[in-house]
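Accompanying notes for the structure given below.
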Amino acid sequence: MKKLVLFLTLVLSLSMILSACAPAATEVSATEAPAEVATEAPPAEPFRVAVVMPSAINDLAFSQSMYDGLLRVQEEMGADAFEFVYSDGMFVVDDAAAALRDYASQGFDLVIAHGSQYGSSVQEIAPDFPEVSFAWGTTVDTFDQPNIFAYEAASQEGGYVNGVLAATLSTSKTIGVIGPIETGDAKLYVDGFTAGVLATDPTFTVSVTYTGSFSDTALAAEAATTHIAAGADVLTGTAQMVVGAIGKAEESSVLWFGTQSNQTSLAPTIVVASQVYHWEGVLTQMIDLIQAGTMGGQSFAINLENGGEVVEYNPDYALPAEAQTLADATVQGIIDGTITITLP
Amino acid sequence: MISELFTTTVLIGVLASGIRLATPYLYAAIGETFGQRSGVLNLGVEGQMLLGAFAAFYVTLTTGSLWLGVLAALIVGALMGLAMAFVTVNLHAQQGISGIGFYLFGLGLSDLLFQKMLGTVETVKGFTKIHIPVLSDIPGIGEIFFSQTVLVYLAFALVPVSWFVLNKTTLGLKIRAVGENPDAADSLGVSVARVRYFTVILGGTLSGIAGASLSIALLNVFQQNMTSGLGFIAVALVYFGAWRPWGVMAGALLFSMVNSLQLWIQVLGIPIPSDIAVMMPYVLTILVLVVTVSRVRGPSALTKPFEREA
Numbered sequence: 132m133k134k135l136v137l138f139l140t141l142v143l144s145l146s147m148i149l150s151a152c153a154p155a156a157t158e159v160s161a162t163e164a165p166a167e168v169a170t171e172a173p174p175a176e177p178f179r180v181a182v183v184m185p186s187a188i189n190d191l192a193f194s195q196s197m198y199d200g201l202l203r204v205q206e207e208m209g210a211d212a213f214e215f216v217y218s219d220g221m222f223v224v225d226d227a228a229a230a231l232r233d234y235a236s237q238g239f240d241l242v243i244a245h246g247s248q249y250g251s252s253v254q255e256i257a258p259d260f261p262e263v264s265f266a267w268g269t270t271v272d273t274f275d276q277p278n279i280f281a282y283e284a285a286s287q288e289g290g291y292v293n294g295v296l297a298a299t300l301s302t303s304k305t306i307g308v309i310g311p312i313e314t315g316d317a318k319l320y321v322d323g324f325t326a327g328v329l330a331t332d333p334t335f336t337v338s339v340t341y342t343g344s345f346s347d348t349a350l351a352a353e354a355a356t357t358h359i360a361a362g363a364d365v366l367t368g369t370a371q372m373v374v375g376a377i378g379k380a381e382e383s384s385v386l387w388f389g390t391q392s393n394q395t396s397l398a399p400t401i402v403v404a405s406q407v408y409h410w411e412g413v414l415t416q417m418i419d420l421i422q423a424g425t426m427g428g429q430s431f432a433i434n435l436e437n438g439g440e441v442v443e444y445n446p447d448y449a450l451p452a453e454a455q456t457l458a459d460a461t462v463q464g465i466i467d468g469t470i471t472i473t474l475p
Numbered sequence: 002m003i004s005e006l007f008t009t010t011v012l013i014g015v016l017a018s019g020i021r022l023a024t025p026y027l028y029a030a031i032g033e034t035f036g037q038r039s040g041v042l043n044l045g046v047e048g049q050m051l052l053g054a055f056a057a058f059y060v061t062l063t064t065g066s067l068w069l070g071v072l073a074a075l076i077v078g079a080l081m082g083l084a085m086a087f088v089t090v091n092l093h094a095q096q097g098i099s100g101i102g103f104y105l106f107g108l109g110l111s112d113l114l115f116q117k118m119l120g121t122v123e124t125v126k127g128f129t130k131i132h133i134p135v136l137s138d139i140p141g142i143g144e145i146f147f148s149q150t151v152l153v154y155l156a157f158a159l160v161p162v163s164w165f166v167l168n169k170t171t172l173g174l175k176i177r178a179v180g181e182n183p184d185a186a187d188s189l190g191v192s193v194a195r196v197r198y199f200t201v202i203l204g205g206t207l208s209g210i211a212g213a214s215l216s217i218a219l220l221n222v223f224q225q226n227m228t229s230g231l232g233f234i235a236v237a238l239v240y241f242g243a244w245r246p247w248g249v250m251a252g253a254l255l256f257s258m259v260n261s262l263q264l265w266i267q268v269l270g271i272p273i274p275s276d277i278a279v280m281m282p283y284v285l286t287i288l289v290l291v292v293t294v295s296r297v298r299g300p301s302a303l304t305k306p307f308e309r310e311a
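Sequence lines, in order, name chains R and Y.
Counting from 1 along the first sequence, just add 131 to a position and that's the residue number in this note's numbering.
Counting from 1 along the second sequence, just add 1 to a position and that's the residue number in this note's numbering.
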């Protein structure tokens with residue numbers, strides 16, 4: 132009995148200490164005032180969004196891209212008109228499903244399941260909450276449900292541009308790609324990148340490794356080391372594990388091309404460019420549709436044309452002028468349709 | 002294509018990468034071996050590693066001292082070990098479940114601290130490779146064995162030391178006795194609680210250093226969930242190694258070498274589907290286990306809380 136009391140006291144005090152240290156809520160308010168005063172009266176109630184993400188909001192990759200997108204939407208709409216909460220690090224799908232159901236039952240206007248692994252969870256939960264709108268990415272499948280939106284990234288487009296640039300800058304004619312799992316926007320990016328390299332110079336060797344995980348940072352780092360030992364002088368990769376690979380690239384002065392988020396801050400000397408996902412356009416479209424009464428049933432894509440994907444260059448990397456011109460022309464060509472990206 | 006595998010570059014690459022990949026497994030698994038030999042199963046290794054990794058990274062980042070970082074990881078790991086020891090020895094909790102609880106705690110707390118105190122992924126100047134004079138100039142072997150960071154050397158030095166402690170010292174005898182027959186040990190005056198406290202705290206300390214080896218030696222970065230299941234594989238390696246330090250080292254090396262081999266297979270473009278390549282280290286480990294495990298028995302008192310019979 133004494134032991135039980137002691138244990139309960141410990142647990143109680145520990146949880147009180149921890150909850151005092153934890154943030155009051157995961158609600159995020161705008162970090163700066165909106166750029167301009169709203170010219171129309173704000174809606175009576177703010178539009179509330181909840182997001183479930185598989186990795187940290189500062190992973191410099193997938194989850195961060197959605198978090199940054201939501202911050203930008205909030206900046207534009209104003210903190211009174213737009214609120215969002217998030218649960219990150221939900222790499223266990225069952226936990227994510229519980230979080231999705233939780234958010235839906237709390238009456239959020241839009242619940243976003245940001246991860247293709249959450250598909251079956253969304254499919255199961257959405258019918259139980261017909262007055263809540265769900266969004267699921269990266270995919271095109273809305274499961275024919277009236278309250279599910281789907282969104283995807285045509286990451287092969289920015290990948291192609293990165294590939295063209297990589298082929299221009301590489302001297303050893305060997306390029307390494309470090310992928311996570313051969314699925315979704317990761318596979319699209321890898322295939323687009325490879326296509327871009329080979330379209331520029333078919334004699335190049337593009338080696339692709341998949342680590343089998345989105346989060347195995349140590350294996351991604353060793354994959355980078357292996358590529359470099361095999362002669363690669365330019366590397367690229369996708370998913371949050373690439374921070375390990377970027378470190379190895381920097382050690383060996385090997386160039387890096389990023390995707391999903393701007394990865395310049397991690398290695399300012401070797402990161403050339405990153406394809407950055409801007410989800411704000413898609414998010415705004417979904418919000419407008421929901422406010423007009425359409426709860427789902429549509430799929431969206433971010434690409435170079437609609438500004439959902441932007442190739443952001445590292446200002447500290449001295450990119451030769453011809454390479455810059457070629458890259459810009461490639462972007463324009465993809466937008467026009469004059470360049471077609473053939474995927475395997 | 003396959004012939005490209007049998008070149009010196011690949012061989013050196015596989016061995017050197019294998020040794021680096023094996024290091025965190027080695028620290029964590031050796032620590033867990035001590036705990037399990039004394040009868041305590043600790044599934045919270047992963048949580049201890051993550052907190053140790055963060056502590057080492059943060060202290061190194063703010064103070065600039067690598068060894069202070071290692072010390073921080075050591076202390077954090079020891080504290081986690083202390084908590085686990087208290088829960089299993091004094092509170093007689095179900096060891097598997099409490100271990101998972103510590104895992105979740107370590108995972109969540111390391112991420113929370115990371116987000117509040119750092120906010121973004123950044124790199125740190127970690128341990129650099131130490132080239133042992135003369136030996137590191139030997140072609141091939143020099144690069145593999147004698148040009149690694151100090152934490153890698155320490156991990157492998159830990160193996161003979163652990164073997165010696167477990168098999169040739171009185172302390173080791175006590176540990177093994179407590180793990181095999183705690184009642185008999187208790188009747189002979191060995192404090193079961195004290196021995197288990199020691200081994201579990203030691204295990205926590207080594208897990209903390211395993212985390213530090215990732216964040217300030219091998220990867221020089223900290224990220225949420227960067228261990229990605231490493232701790233659980235380390236626990237499995239204890240079983241694989243038959244609760245013996247040399248066996249654990251063999252398991253860690255086998256797993257890691259095959260992992261680096263499959264990376265080379267993918268890099269060289271050998272047409273094996275990436276999913277199969279990624280499976281290889283796990284499949285091979287299971288195969289070896291099937292062949293060898295029949296003769297091995299674990300500590301009899303493993304996972305059983307000890308209560309003195311009145």
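The beta carbon of each residue, even a glycine, is placed where N, CA and C say it ideally should be.
- Spell out whether any CB of chain Y is found under 9 Å from the CB atom of Leu474/R. no
- Item | Candidates Leu105/Y, Gly248/Y, Ile76/Y, Ala23/Y, of which the one nearest Gln149/Y by Cα | Ala23/Y
- List the residues of chain R whose Cβ lies closer than 7 Å to the Cβ of Ser275/Y, in chain order. Glu313, Tyr341
- Within the stretch 307 to 370 of chain R, ranges of the alpha helix (DSSP H) (whole runs, at least 4 residues): 315 to 331, 348 to 360
- Please decide whether Glu308/Y counts as near chain R, where near means a Cβ-Cβ distance under 9 Å. no
- Message: DSSP has Leu386/R in a bridge; who is on the other side?
- Response: Per DSSP, Val365/R.
- Counted within 10 angstroms of its Cβ, other Cβ atoms place Arg298/Y as buried (16 or more) or exposed: If you draw a 10 Å sphere on the C-beta of Arg298/Y, you find fewer than 16 other C-beta atoms in it, and that means exposed.
- Message: I'd like the list of long-range same chain contacts for Leu262/Y, defined as Cβ closer than 6 Å, with 5 residues on each side in sequence excluded.
- Response: Val15
- Message: So the candidates are Ser4/Y, Tyr59/Y, Val88/Y; which of them puts its Cα closest to the Cα of Tyr198/Y?
- Response: Val88/Y
- What in chain Y is Cβ-close to Gln371/R, meaning under 7 Å? Gln224
- Message: Between which residues of its own chain and Thr395/R is the CB-CB distance below 6 Å, once the five residues before and five after are set aside?
- Response: Val402, Asn445
- Query: Does Thr121/Y get closer than 9 Å to chain R when you measure Cβ to Cβ?
  - Reply: Yes, Thr121/Y lies at the interface with chain R (some Cβ there is under 9 Å from its Cβ).
- Query: Can you tell which of Pro311/R, Ala355/R, Ser392/R has the C-alpha that lies nearest to the C-alpha of Ala380/R?
  - Reply: Ala355/R
- Message: I need the DSSP call for Thr305/R, collapsed to helix, strand or coil.
- Response: strand
- What number of angstroms, rounded off, separates the C-alpha of Leu52/Y from the C-alpha of Ile210/Y? 10 Å
- Message: Going by C-alpha to C-alpha distance, which of Met221/R, Gln205/R, Leu329/R, Tyr234/R sits closest to Asp112/Y?
- Response: Met221/R
- With DSSP run on the structure shown, which of helix, strand or coil describes Trp267/R? For Trp267/R, the three-state secondary structure derived from DSSP is strand.
- Beta-carbon neighbours of Gly191/R, restricted to chain Y and to distances below 9 Å: In the sequence on display, residue 191/R carries Leu and not Gly. Result: Thr121, Val122, Gln224.
- Task: For the beta strand (DSSP E) containing Glu443/R, list its first residue and its last residue.
- Result: 440 to 444
- In terms of residues, what are the limits of the beta strand (DSSP E) holding Ser405/R? 402 to 408
- Closest Cβ-Cβ distance between Val268/Y and chain A: below 9 Å? Given the protein chain composition of this structure (R and Y), no chain A is represented.
- Query: How is Ile271/Y classed by DSSP in three states: helix, strand or coil?
  - Reply: coil
- Task: Can you check DSSP and say which residues form a bridge with Arg179/R?
- Result: Glu214/R
- Message: For Ala460/R and Thr305/R, what's the separation of their Cα atoms in angstroms?
- Response: Spanning the two alpha carbons is a distance of roughly 24 Å.
- Message: At a CB distance below 9 Å, what residues from the stretch 213 to 224 of chain R approach chain Y? Give them in sequence order.
- Response: Asp219, Gly220, Phe222
- Message: Taking beta-carbon pairs under 9 Å, can you tell me which members of the stretch 396 to 426 of chain R lie near chain Y?
- Response: Taking 9 Å as the Cβ-Cβ cut-off, the stretch 396 to 426 of chain R approaches chain Y at Ser396, Leu397, Ala398, given in chain order.
- Report back the beta-carbon spacing between Ala235/Y and Val46/Y to the nearest angstrom; my notes put them in contact at under 8 Å. At roughly 6 Å, the Cβ-Cβ gap stays under 8 Å, so Ala235/Y and Val46/Y are in contact.
- Message: Looking at the secondary structure, which residues open and close the alpha helix (DSSP H) in which Ile466/R lies?
- Response: Where Ile466/R is concerned, the enclosing alpha helix (DSSP H) stretches over 452 to 467.
- Task: Indicate whether the contact test is met: 3 or more Cβ pairs, each with one atom in the stretch 108 to 128 of chain Y and one in the stretch 79 to 98 of chain Y, closer than 8 Å.
- Result: no
- Item | Residues within the stretch 237 to 267 of chain R neighbouring chain Y, beta-carbon criterion of under 9 Å | none
- Message: Between the stretch 265 to 280 of chain Y and the stretch 216 to 224 of chain Y, can you find at least three pairs of beta-carbon atoms closer than 8 Å?
- Response: no
- With distances taken from CA atoms, which of Gly120/Y, Met281/Y, Val289/Y, Ile139/Y is nearest Thr342/R? Cα-wise, what sits closest to Thr342/R is Met281/Y.
- Item | Cβ neighbours of Ala302/Y in the same chain (closer than 6 Å, five flanking residues each side left out) | Gly40, Gly180, Pro183
- Secondary structure at Ala164/R, three-state DSSP: helix, strand or coil? Unreliable positioning characterises Ala164/R in this predicted model, as indicated by a pLDDT of 41, which lies under 50. The coordinate reading is nonetheless provided below. In this structure, Ala164/R counts as coil in the three-state DSSP scheme.
- Task: Spatial neighbours of Gln391/R within its chain, please: CB distance less than 7 Å, with the 5 preceding and 5 following residues excluded, ordered by chain position.
- Result: Ala192, Phe193, Ser196, Thr369, Tyr408
- Taking 9 Å as the CB-CB limit, is Ser338/R close to chain Y? yes
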